[in-house]
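Have a look at the structure below before the remarks.
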Amino acid sequence: METNHNAEKLRKSLTILGIIGAPFFMALVLGYLAYFGDNTVFAFLENETVALCTFVIGVIGAAAEMITAIYLSFRFRGVAVPQE
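Quick note on the working numbering: the sequence shown kicks off at 65 and runs consecutively.
Following this line, the structure appears as structure tokens:
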């Protein structure tokens, strides 16, 4: 019973992490398109400095989100698979 509770808790954590991480991936893509591809989606990204800052924030946030997601996935695997 305790294992199911821990698995459900980790599943909720991964869901929340995905919701929080989505804007960072959007910043990564939109910053990349504006700075490297000259395809600005929003008017404020026409400034190269703003586009580069958006891209850097996206890279840092996406990297942190991926590291945390991998860590939680390993914890989830340890909880979900019974140890013999």
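In this text, a Cβ means the ideal position worked out from N, Cα and C, and glycines have one as well.
So, for residue i: in the same chain, excluding its five sequence neighbours on each side, which residues have a beta-carbon less than 6 Å away from its beta-carbon?
| i | result |
| --- | --- |
| residue 122 | 88, 91, 92, 95 |
| residue 104 | 98, 110 |
Applying the criterion that 16 or more other CB atoms from any shown protein chain within 10 Å of the CB defines a buried residue, is residue i buried or exposed?
| i | result |
| --- | --- |
| residue 119 | buried |
| residue 127 | exposed |
| residue 107 | exposed |
Determine the closest residue to residue i out of the options, with distance taken between C-alpha atoms.
| i | options | result |
| --- | --- | --- |
| residue 85 | 124, 137, 138 | 124 |
Leaving out the 5 sequence neighbours to the left and right, which residues in its chain are closer than 8 Å to residue i when beta-carbon positions are compared?
| i | result |
| --- | --- |
| residue 75 | 140 |
Looking only at its own chain, which residues have a Cβ that is under 7 Å from the Cβ of residue i, when we skip the five neighbours before and after it?
| i | result |
| --- | --- |
| residue 114 | 108 |
Are the stretch 73 to 88 and the stretch 98 to 107 touching by the rule of at least three beta carbon pairs closer than 8 Å?
-> no
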